[in-house]
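The structure under discussion appears below in the form of structure tokens.
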Amino acid sequence: MEENIVEAQNNEYYLPFNISNESGRTIIEKKMNFFSLMPFSLKKEDVYKNEKRYFIPVKVMDFNVSGEVLLDANNVLREWKEKSEKCKEVNSYEVKYNCFIPYEDVLVLQNNYLTEEIFSSLEPFDVSLLQENCEEDIEKLDSNYIDALSGIKKKIFKDSIKLIKNSDNYSEEKVKMHNLEIQQIDKKKIYLPILQYEFKFNNKEYIIYINGQTGKIVGEFPKSRAKLIFFSAITFIIILIVAFLIAYFL
Amino acid sequence: MRKIFLSIMLFLGSVNVVFASTKTYERTTDNLRVPSNVVVNEENINYILNTKAVDASEKIYDFANILTEKEEKKLYKEIDSFVEDTALDLVILTEKDNLNLDSANYAFNFYDYNNFNRNGLIFFIHEVDNKFNIYMWTSGDVYGIYTQKRIKDILEYIHVSFDNKDTYKGMSDFVKIVHGFYIADKKGELAKIDSTGNVIKTVPWFDIIVLAVALTFVIIFSVFFLKKKEKGVEKNIRNYLNTEKVKLEKIEEKFLGGRVLRENKK
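Next comes the structure, spelled out in structure tokens:
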């Protein structure tokens, strides 16, 4: 699947977003400070060893859900108990709605390189800042793209029905029937900037991802036990002193 | 006139100067000399008759003749100061050799069947074969101040004086310590006895350590290990909903009817 991803090397590729060559490094350097749990022996050079920049092609689309919905709605007026029965006095209604529900700047991608969890953790991306420069035919680029699109549509549909059901002050609602249509509007095709760093520490491999636009880091760094013990000890001593002073003088 | 005046002064002086003695009074079935709250019945009458009846204002009942007159006077002043300050009673009772009862019941009966304050302490020294066995008991609502632990600590401290046959010091320290605990309790302080017999403020180390450990765990965990879960596109499509442009228009609302629904709880 890596052939679907455009790998940027140094400045050879046009960078359509606000990130300098060094920003990824700066972000990591800030994280590797004294007050983090990262081991002192972890060097920045080790982290930068396998630096890769991935531009993942995505389509940005708008979806409009519109049409008619018929609901079974109930208002529970009161509840009470009679011996072994639970009783409810209910007024029932049939309610018809006309709807227009827009979803904007939805990113549609299917990429096997990044898992759903990592991608959603890297979000959000501000697509208005990302210029349209992706000329790839994304549907042909990734054969799973169609599945991704239908998956998004299903989610949008479910979300819209929930929105309609919760829109009024009825105690309970059930969708009896609906005639809704989803209109999809292509907006643009962009590359999402994601930086990846791979490194090894104490024979364990680590991969870090950075949102090239916001600097958000996803992934785990190694944790130092010695630092953990040190910070725990300092915290414990400070709390002990403060508690003693309070107990003694108050 | 002057002689009468002097005699009156001497008389008044002697009435005010009440100090310890071993004077007892006889109890009879017609005059049991018990406090009004004691209910006399077949079970306790013999105990009452066999309990020494004393003047409750004397406080020190040195039947074992451990203290000198001078020591008794000094000790009485110390007890008087405690009684005035605390409104509790404090009784020091000494006996020698065999008693007709075990120590505890002997002391309880002595306190209960004489006119002492309902709330108070009794310090009982029982001399047997030239050795002093010391006991402390409470009466009334003072167990909150003089807990089992404090009683143990008090007796542990003063038994050294009795082992060294310094009986006056032991009794004087006793009064000083019980007074110290009373003052600490009124201030709401935790207290203990230091090496010189003074009651000093103490710090609840165990509680502090437990609190420090718990707080350290919470702080370290929150700062270094707690991860905020972000909602991504796949998890929540509502991130992309433009709420300002949403239109939900109710075209029709048909009232179908009211009814009662019943659901069996079982």
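These protein sequence lines are chains S and C, in that order. At position 78 of the first sequence the residue is numbered 78 (my numbering), and the sequence of numbers has no breaks. If you want my numbering, it's the position in the second sequence, counting the first as 1, plus 250. Just so it is clear, CB atoms sit at the ideal spot from N, CA and C, and this is done for glycine as well. All values reported here derive from a predicted model rather than from experimental measurement.
Around the Cβ of Asp219(C), are there at least 16 other Cβ atoms within 10 angstroms (buried) or fewer (exposed)?
In the structure as shown, chain C starts at 251 and stops at 516, and residue 219(C) therefore has no counterpart that could be examined.
First and last residue of the beta strand (DSSP E) that includes Asp254(S)?
This structure does not reach residue 254(S), given that chain S is present from 1 up to 250, and the question cannot be answered.
Of the residues Val60(S), Tyr48(S), Val47(S), which one's Cα is nearest the Cα of Ile185(S)?
By one-based count along the first sequence, residue 185(S) stands at place 185. The option with the nearest alpha carbon to Ile185(S) is Val60(S).
May I ask you to list the residues that DSSP assigns as paired with Lys509(C)?
On the second sequence, position 259 is the one that residue 509(C) refers to. For the sequence presented, residue 509(C) should be read as Arg rather than Lys. When beta bridges are read from the DSSP output, Arg509(C) appears opposite Val90(S).
Go through the segment 48-123 of chain S residue by residue and report every complete run of the alpha helix (DSSP H) that reaches 4 residues or more, in order.
Qualifying alpha helix (DSSP H) stretches, in chain order: 116-122.
In angstroms, rounded to a whole number, what distance separates the CA positions of Leu476(C) and Ile470(C)?
Sequence index remark: in the second sequence, residue 476(C) carries index 226 (1-based). Sequence index remark: in the second sequence, residue 470(C) carries index 220 (1-based). Note on geometry: alpha-carbon atoms of Leu476(C) and Ile470(C) lie some 9 Å from one another.
Output needed for Tyr363(C): all residues of its chain with C-beta closer than 6 Å, excluding positions within five of it in sequence on either side, in chain order.
Position 113 of the second sequence, counting from 1, holds the residue named residue 363(C). Val284, Ile298, Thr301, listed in sequence order.
From Thr446(C) to Lys419(C), what does the alpha carbon distance come to, in whole angstroms?
Walking along the second sequence from the start, residue 446(C) turns up at place 196. Walking along the second sequence from the start, residue 419(C) turns up at place 169. Taking the straight line joining both Cα atoms gives about 12 Å.
Unbroken beta strand (DSSP E) run spanning Tyr385(C), endpoints:
Sequence index remark: in the second sequence, residue 385(C) carries index 135 (1-based). Note, Tyr385(C): beta strand (DSSP E), 381-389.
Taking all protein chains shown into account, decide if Arg512(C) is buried (16 or more other Cβ within 10 angstroms of its Cβ) or exposed.
Residue 512(C) sits at position 262 when you count from the first residue of the second sequence. Arg512(C) is exposed by the Cβ-count criterion.
Ile450(C) to Asp457(C) span [Cα, whole Å]
In the second sequence, the residue the question calls residue 450(C) occupies position 200. In the second sequence, the residue the question calls residue 457(C) occupies position 207. Roughly 18 Å separates the two Cα atoms.
Using a Cβ-Cβ distance cut-off of 8 Å, determine whether Ala243(S) contacts chain C.
For the purposes of this step, residue 243(S) is taken as residue 243 along the first sequence, with counting starting at 1. Output row for Ala243(S): interface = yes.
Can you tell me which of the three DSSP states Val341(C) falls into?
The count along the second sequence starts at 1 and reaches residue 341(C) at position 91. Three-state result, Val341(C): strand.
Lys154(S) by DSSP, collapsed to three states: which one?
What you label residue 154(S) is simply residue 154 of the first sequence in a count that begins at 1. Lys154(S): helix per DSSP, three-state reduction.
If the cut-off is 7 Å on Cβ atoms, which residues from the segment 71-99 of chain S count as contacting chain C, listed in chain order?
Ser84, Glu85, Lys86, Cys87, Lys88, Glu89, Val90, Asn91, Ser92, Tyr93, Glu94, Val95, Lys96, Tyr97, Asn98, Cys99
For a cutoff of 8 Å on Cβ pairs, would you count Leu476(C) as touching chain S?
Position 226 of the second sequence holds residue 476(C). Leu476(C) does not count as touching chain S.
For chain C, check one thing: does any of its Cβ atoms lie closer than 8 Å to the Cβ of Ile208(S)?
The count along the first sequence starts at 1 and reaches residue 208(S) at position 208. Not one chain C Cβ lies under 8 Å of Ile208(S).
Quick check on Lys309(C): buried or exposed, where buried means 16 or more other Cβ atoms within 10 Å of its Cβ?
Within the second sequence, the letter at position 59 stands for residue 309(C). So Lys309(C) ends up on the buried side.
Under a three-way DSSP split, which group does Ala306(C) fall into?
Taking the first residue of the second sequence as position 1, residue 306(C) is located at position 56. Ala306(C): coil per DSSP, three-state reduction.
Taking Cβ-Cβ distances shorter than 7 Å, what residues in chain C pair up with Ile56(S)?
Position 56 of the first sequence, counted from the start, is the residue given in the question as residue 56(S). Chain C residues near Ile56(S): none, gap ~13 Å exceeds 7 Å.
The segment 395-408 of chain C / the segment 427-441 of chain C touching (three or more Cβ pairs under 8 Å)
Because the criterion of three Cβ pairs below 8 Å is met, the segment 395-408 of chain C and the segment 427-441 of chain C touch.
Residue-chain proximity (Tyr103(S), chain C), Cβ-Cβ < 8 Å:
Looking up residue 103(S) in the first sequence gives position 103. Closer than 8 Å to some Cβ of chain C, the Cβ of Tyr103(S) qualifies, so yes.
Quick test of the definition: if touching needs 3 or more C-beta pairs under 8 Å, does the segment 205-223 of chain S touch the segment 430-438 of chain C?
no
Along chain S, which residues have their Cβ under 7 Å away from the Cβ of Ala462(C)?
Here residue 462(C) refers to the residue found at position 212 when the second sequence is read from its first residue. Those are Phe236, Ile239, Leu240, Ala243, listed as they occur along chain S.
For Ala148(S), does the count of other Cβ atoms within 10 angstroms reach 16, so buried, or fall short, so exposed?
Sequence index remark: in the first sequence, residue 148(S) carries index 148 (1-based). So Ala148(S) ends up on the buried side.
Given Tyr356(C) as reference, the closest of Phe374(C), Tyr396(C), Asp339(C) once Cα atoms are compared
Taking the second sequence and counting its residues from 1, one reaches residue 356(C) at position 106. Considering only alpha carbons, the answer is Phe374(C).
As a quick exercise: from Asn74(S), Ser66(S), Val90(S), Val127(S), pick the residue whose alpha carbon is nearest that of Asn98(S).
By 1-based counting over the first sequence, the position of residue 98(S) is 98. For Asn98(S), the nearest C-alpha among the options comes from Ser66(S).
Any beta-carbon of chain S closer than 8 Å to the one on Phe424(C)?
Here residue 424(C) refers to the residue found at position 174 when the second sequence is read from its first residue. No, no contact with chain S.
Determine, using beta carbons only, whether Thr466(C) comes closer than 8 Å to chain S.
Within the second sequence, the letter at position 216 stands for residue 466(C). Yes, Thr466(C) lies at the interface with chain S (some Cβ there is under 8 Å from its Cβ).
DSSP beta-bridge partners for Ile217(S)?
Here residue 217(S) is taken as the residue at index 217 of the first sequence, counted from 1. DSSP output for Ile217(S) lists Ile210(S) as bridge partner(s).
Neighbour list for Arg488(C) in chain S, Cβ cutoff strictly below 7 Å:
If you number the second sequence from 1, residue 488(C) lands on position 238. Within chain S, the residues near Arg488(C) are Asp159.
To the nearest whole angstrom, what separates the beta carbons of Ile395(C) and Tyr432(C), a pair I think is in contact under 8 Å?
As a first step, residue 395(C) is located in the second sequence; it is residue number 145 there, counting from the start. As a first step, residue 432(C) is located in the second sequence; it is residue number 182 there, counting from the start. Confirmed, Cβ separation roughly 6 Å.
Taking contact to mean at least 3 C-beta pairs separated by less than 8 Å, is the segment 80-95 of chain S in contact with the segment 154-161 of chain S?
no
Around the Cβ of Glu345(C), are there at least 16 other Cβ atoms within 10 angstroms (buried) or fewer (exposed)?
Against the second sequence, residue 345(C) aligns to sequence position 95. Classification for Glu345(C): buried.
Please confirm whether Lys442(C) has its beta-carbon closer than 8 Å to some beta-carbon of chain S.
What you label residue 442(C) is simply residue 192 of the second sequence in a count that begins at 1. It does not: the Cβ of Lys442(C) has no partner Cβ on chain S nearer than 8 Å.
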